[in-house]
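Protein chains in written order, with the numbering used here: chain A, 582 to 727; chain B, 582 to 727; chain C, 582 to 727; chain D, 582 to 727.
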């Protein structure tokens, strides 16, 4: 299956005083893209790998690290940007998402590339929780095509 | 013509510690809806009443006042919310937008209603600038239906 | 006792593309000022009228309405702005905060004035919950001086 | 001289639905800390290495990359967090800031460590601009102590 790409809307307010999308706002866009690609919608048990991203869930996914490379300035635009994601690594209790954010779906050059490791933890104890077999298999469907 | 309604995407990050869309984030959603309804897209001279909302423009629209009524909690959802807007007043250098934000386009009850006055000012002097005839006429097209 | 004033730090990122503090960010500043003035610090039972503003509390304070008047542009500054607050009304299950945000503590003219009604609700039922006698008395200490 | 540490205030609104400071908000805190440590305050030519971080400046500092490691959850607190920064690398037109964010100034363990490369570019051409001699020397004052 390989990578998945989801559209995310910019907001005028994502701009900073330099009149381009702020580097912090980029991280917000990647958060939203990730949630839409891999978690079920709230109130639904749809096709997400994980149940809805809600505090009442016993297992939380926490961001353990993030690496971002801002390759070009991103001006505000009305059309959504596209965030392509693949899963480059699946560990026992964690997985790594690779991101490429483009101003248009079929642009050659991404504006931002990034990757982040998410760790599954128990909300009460804070301890890492192993991904189950189905989750691991479904995550592996998103392995980057070689 | 009356009111216009535009969809705006929520973000998971718009939630606060109470797990609902934060009251501050609501104001951000209204800002985005307003920009999309009445200003041209950046780099375009499309159907907007005003040119693109960019700092290089000589005339800026500043928010002079805002009144918000939060009628019900708004949980995060994947589908966009809909912001219906009409122009309830057109002054010499200002106009007033009435907003109703709904979780779905055809919901009866809005989650939030609001109105805000925007004042056109010269970016260099900060002085109010009169709306031109075309702008006034086009704004009046959005008068609430009585 | 009358009004209370608390300092709140601006952030460079509170600016929008116009290079001034964004109108939405102002609402965030008022939220922070309010929390610091009337709620105990997290993990403490200090001098706040209400216990720490945490989702685990049974009673939540929700913003029911907000009125803001933006009187002058607020540029980014390193020194904190000062938010003066008084309690203009105490109802059965609600109270109203009046705000004046100034660039410096002793400025004559505020940049923003506002008021908002907060309603106490039960987190599970969503129903209004009456303020208790001590809370009402302490809120009345902040009545505007006449 | 080595590292510099600056306090930055959290906001209640920096929390996400999990009731801890959101990973995106952390990046905002680091942005503010960096601005306060190395840029002059607006309207001043104070001790900053660079002139005020304003769009009217001819040379902009853009974030080229960011690496973050979230080592522990950060709950909201009233006291500021402390961001310690040193300059680990000075290039021709760029420099690298190392960050350690702690819940209290003298905590042993940071909650977050990070580093980011900033590139100086001409605001009109977007081209890299060399740091001048004074800037390079002053940046080198913040080299990590070995």
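Beta carbons are placed, not taken as given, at the ideal position from N, Cα and C, and that holds for glycine.
- In the structure shown, the three-state DSSP call for residue 648 (chain D) is strand.
- Taking residue 679 (chain A) as the centre and dropping the five residues before and after it, the same chain places the C-beta of 667, 669 and 696 closer than 6 Å to its C-beta, in chain order.
- Residue ranges of uninterrupted beta strand (DSSP E) with 3 or more members, entirely inside the region 613-664 of chain C and ordered along the chain, are 640-651.
- Fewer than three beta-carbon pairs drawn from the region 640-647 of chain D and the region 680-689 of chain D are found closer than 8 Å, and the two stretches are therefore not classed as touching.
- In the three-state DSSP reduction, residue 716 (chain B) falls in the helix class (H, G or I).
- Below 8 Å, enough C-beta pairs join the region 588-595 of chain C and the region 608-621 of chain C to call them touching: three or more.
- Residue environment: residue 713 (chain A) is assigned as exposed (fewer than 16 neighbouring CB atoms within 10 Å of its CB, all protein chains considered).
- Boundaries cannot be given for residue 708 (chain B), as no beta strand (DSSP E) includes it and DSSP labels it neither H nor E.
- The three-state reading of DSSP puts residue 606 (chain B) in helix, counting H, G and I together.
- For residue 682 (chain A), the enclosing beta strand (DSSP E) covers residues 675-683.
- Taking 8 Å as the cut-off between beta carbons, the residues of the region 642-656 of chain D near chain A are 643, 644, 645, 646, 647, 648, 649, 650, 651 and 654, in sequence order.
- When Cβ-Cβ separations below 7 Å define contact, residue 700 (chain C) makes no contact with chain B.
- C-alpha of residue 711 (chain B) to C-alpha of residue 677 (chain A): approximately 54 Å in a straight line.
- Contacts between residue 605 (chain D) and chain B, judged by CB atoms closer than 7 Å, involve 594 in chain order.
- With a beta-carbon spacing of about 5 Å, residue 609 (chain D) and residue 594 (chain C) fall inside the 8 Å limit used to define contacts.
- Residue 661 (chain D) and residue 654 (chain A) have their C-alpha atoms some 31 Å from each other.
- Scanning its chain for C-beta atoms nearer than 7 Å, with the 5 sequence neighbours on each side dropped, one finds around residue 726 (chain D) the residues 583, in chain order.
- Rounded to the nearest whole angstrom, the CA to CA distance from residue 692 (chain B) to residue 648 (chain B) is 14 Å.
- In this structure, A:620 is the residue among A:620, A:650 and A:652 with its C-alpha nearest to the C-alpha of residue 658 (chain B).
- Using a Cβ-Cβ cut-off of 7 Å, residue 591 (chain A) does not count as an interface residue toward chain D, since no Cβ of chain D sits closer than that to its own.
- Listed in chain order, the non-local C-beta contacts of residue 629 (chain D) below 7 Å within the same chain comprise 619, 620 and 621, local neighbours out to five positions each way being set aside.
- Less than 7 Å divides the Cβ of residue 596 (chain D) from the Cβ of residue 598 (chain B).
- DSSP places residue 588 (chain D) in the uninterrupted beta strand (DSSP E) bounded by 585-589.
- Excluding five sequence positions before and after residue 623 (chain C), the CB atoms of its chain that fall closer than 7 Å to its own CB belong to 633 and 635, given in chain order.
- In chain order, 604, 605 and 608 make up the part of chain C whose C-beta sits under 8 Å from the C-beta of residue 608 (chain B).
- One Cα belongs to residue 672 (chain D), the other to residue 690 (chain D), and the distance between them is close to 29 Å.
- In chain order, 594 and 596 make up the part of chain A whose C-beta sits under 7 Å from the C-beta of residue 597 (chain C).
- For a Cβ distance threshold of 7 Å, nothing in chain D lies close to residue 624 (chain B): the least Cβ distance comes to about 17 Å.
- Selection A:716, A:707, A:722 and A:723 evaluated against residue 601 (chain D) yields A:707 as nearest (Cα-Cα).
- Under the Cβ criterion of 7 Å, residue 707 (chain D) is not counted among the residues facing chain C.
- Cβ neighbours of residue 724 (chain B) within its own chain (closer than 8 Å, five residues either side excluded): 583, 667, 668 and 669.
- From the listed residues B:651, B:625 and B:716, the smallest Cα separation to residue 698 (chain C) is found for B:651.
- Sequence-distant partners of residue 717 (chain D) (beyond 5 residues in either direction) whose C-beta falls short of 7 Å from its own C-beta, in its chain, are 671.
- Counting only Cβ-Cβ distances below 8 Å, residue 617 (chain D) has contacts in chain C at 659, in chain order.
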